[in-house]
Amino acid sequence: MTQLTCPVCKTILTLEHIVLNETRSQLYRLLFVQPKELETAIVLYMGLFRNKRDLSDDKALSLVKQVLELHTDKAILVESLNRVVSSFRQKEEYEPLKNHNYLKSVLKTVANEMSARVETLVNGSSGNSMIVEQRPVKRVQKSKAIEGLTDLEALKGKYA
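Under full-length UniProt numbering, the first residue of the sequence shown is numbered 1, with each subsequent residue one higher.
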């Protein structure tokens, strides 16, 4: 089984297309080591940069690296990415993103909200310190494209 069909667009790929394209391989490796929530949020966010054409592998790899460098707390990053994607999906039409400025402002807001929430929990009303549990990350439904890519990565691992 060296030919694979994309479940979304029905494009036929061979494993050689994926493995031999170094940029694409780097992109998949970088995405697949992330927690599923973050992986999905990044892929959905990358879609906001797409215009009439699909993103090149170089552009997609660059976007993923830039997004991962924006914040070290993955929970804050996931929440921020989800808010950005959600706000754009509510619009009927929008221009593709050209930079991460909007995401950066949302990151600041989310980080401030979470630190305020933690501060409130830690200080509490009685002034006693409490153990703080981090709020669970909202799950984003995995797209068929991500499922296909995950399957491809699993196959690659079997035959490597």
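C-beta atoms are modelled at their ideal positions from N, C-alpha and C, and glycine is treated no differently. Values in this document were obtained by computation on a predicted structure and should not be read as measured data.
Cross-strand partners of residue i (DSSP beta bridge)
i	result
Leu4	Leu13
Contact set for residue i: own chain, Cβ-Cβ below 6 Å, skip 5 residues either direction
i	result
Glu39	Leu31
Ile12	Gln3, Thr5
Leu44	Val85
residue 162	Look at the range of the chain in this structure, 1 to 160, and you will see that residue 162 is not part of it.
Arg83	Val106
Asp54	none
Asp151	none
Residue from the options whose Cα sits closest to the Cα of residue i
i	options	result
Val64	Leu27, Pro96, Asn82	Leu27
His71	Ile42, Val118, Thr150, Ser87	Ile42
Arg117	Glu147, Ile76, Val19, His100	Ile76
His100	Arg29, Met46, Ser25, Ile146	Met46
Ser115	Ile146, Asp73, Val33, Pro35	Asp73
Leu68	Ala154, Lys98, Leu152, Val33	Val33
Ser87	Leu48, Asn21, Glu113, Asn112	Leu48
Sequence-distant residues of the same chain with beta carbon closer than 7 Å to residue i, five excluded per side
i	result
Ser126	Reliability fails at Ser126, whose pLDDT of 49 lies under 50, so the model's placement of it is uncertain and no value is given.
Ser80	Leu103, Val106, Leu107, Val110
Val78	Glu37, Leu38, Ala41, Val137
Thr23	Asp57, Asp58, Leu61
Pro35	Lys74
Neighbourhood of residue i by C-beta distance below 8 Å, restricted to the same chain and skipping five residues each side
i	result
Asn51	Pro96
Ile146	Glu39, Thr40, Val43
Gln66	His100
Lys156	Leu15, Ile18, Val19
Glu113	none
Glu153	Tyr28, Phe32
Asn21	Asp57
Inter-stretch contact at 8 Å, needing at least 3 Cβ pairs: the region 88 to 96 / the region 55 to 62:
Under the Cβ criterion (8 Å, minimum of three pairs), the region 88 to 96 does not count as touching the region 55 to 62.
Pairing CB atoms from the region 97 to 116 with CB atoms from the region 142 to 152, are three or more of them under 8 Å?
With a cut-off of 8 Å, the region 142 to 152 and the region 97 to 116 do not count as touching, because too few Cβ pairs lie within range.
Please list the segments of the beta strand (DSSP E) lying wholly inside the region 96 to 129, counting only runs of 3 or more residues, in order along the chain.
The beta strand (DSSP E) runs lying completely inside the region 96 to 129 and spanning 3 residues or more number zero.
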